[in-house]
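Note sheet for the following structure.
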């Protein structure tokens with residue numbers, strides 16, 4: 163059994179809904195072909211509204227299924243880290259689809275990500291700006307959330323180590 167926890171309503175719902183469509187295409191195709199080892203995939207979607215408290219509540223609800231094998235989601239690292247300790251304790255796999263925060267997988271050996279860490283992406287952004295685009299001064303505007311702050315900090319550190327100058331602002 164699989165659970166999908168993501169924002170199905172609210173500001174980030176377009177991401178949650180698009181990812182769910184992709185999963186459902188796979189589930190329908192796999193189930194139509196007889197499932198996995200003859201077992202149909204059981205899939206339940208939970209709406210966390212991109213709110214860490216809702217992510218925790220939906221995790222607890224999903225874990226009521228004693229046959230639960232894996233939780234896909236959530237959308238954000240903040241929510242993923244809020245859920246991870248509960249999932250680790252339950253010894254269920256968590257696949258944080260877009261959980262890119264460097265510390266996300268530190269919660270344990272049941273916690274995985276399906277994307278590159280911000281350490282990789284933000285370092286690459288800084289290197290590209292300085293080495294490929296030949297920028298020497300940049301102004302960073304970032305989202306004032308976990309993703310924005312961590313990405314900006316890693317980018318700025320990389321860009322400055324290469325010799326660049328940075329001004330920044332969070333909103």
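In this note's numbering, the protein residues as written are 163 to 333.
Where a beta carbon is used, it is the ideal one built from N, C-alpha and C, also for glycine.
Start and end residues, alpha helix (DSSP H) containing residue i
| i | result |
| --- | --- |
| residue 185 | 175 to 194 |
| residue 287 | 280 to 289 |
| residue 321 | 308 to 323 |
Delimiting residues of the beta strand (DSSP E) encompassing residue i
| i | result |
| --- | --- |
| residue 209 | 205 to 209 |
| residue 260 | Counting along the chain, residue 260 falls outside any beta strand (DSSP E), and DSSP gives it neither H nor E. |
| residue 202 | Unbroken run through residue 202: none, as it is neither H nor E. |
| residue 300 | 299 to 304 |
| residue 231 | Note, residue 231: premise wrong, no beta strand (DSSP E); not H, not E. |
Cβ distance (whole Å) where residue i is taken to contact residue j below 8 Å
| i | j | result |
| --- | --- | --- |
| residue 167 | residue 270 | Their Cβ separation, rounded to whole angstroms, is 17 Å, which puts residue 167 and residue 270 out of contact at 8 Å. |
| residue 217 | residue 245 | 5 Å |
| residue 223 | residue 208 | 6 Å |
Pair within 8 Å by beta-carbon distance, residue i and residue j
| i | j | result |
| --- | --- | --- |
| residue 203 | residue 221 | no |
| residue 313 | residue 330 | no |
| residue 247 | residue 206 | no |
Close Cβ partners of residue i (< 7 Å) along its chain, the five nearest in sequence each way excluded
| i | result |
| --- | --- |
| residue 192 | 198 and 203 |
Distance, residue j Cα to residue i Cα
| i | j | result |
| --- | --- | --- |
| residue 325 | residue 289 | 11 Å |
| residue 237 | residue 292 | 30 Å |
| residue 171 | residue 211 | 5 Å |
| residue 182 | residue 328 | 38 Å |
Own chain, CB closer than 6 Å to residue i, minus 5 neighbours either side, in chain order
| i | result |
| --- | --- |
| residue 175 | 169 |
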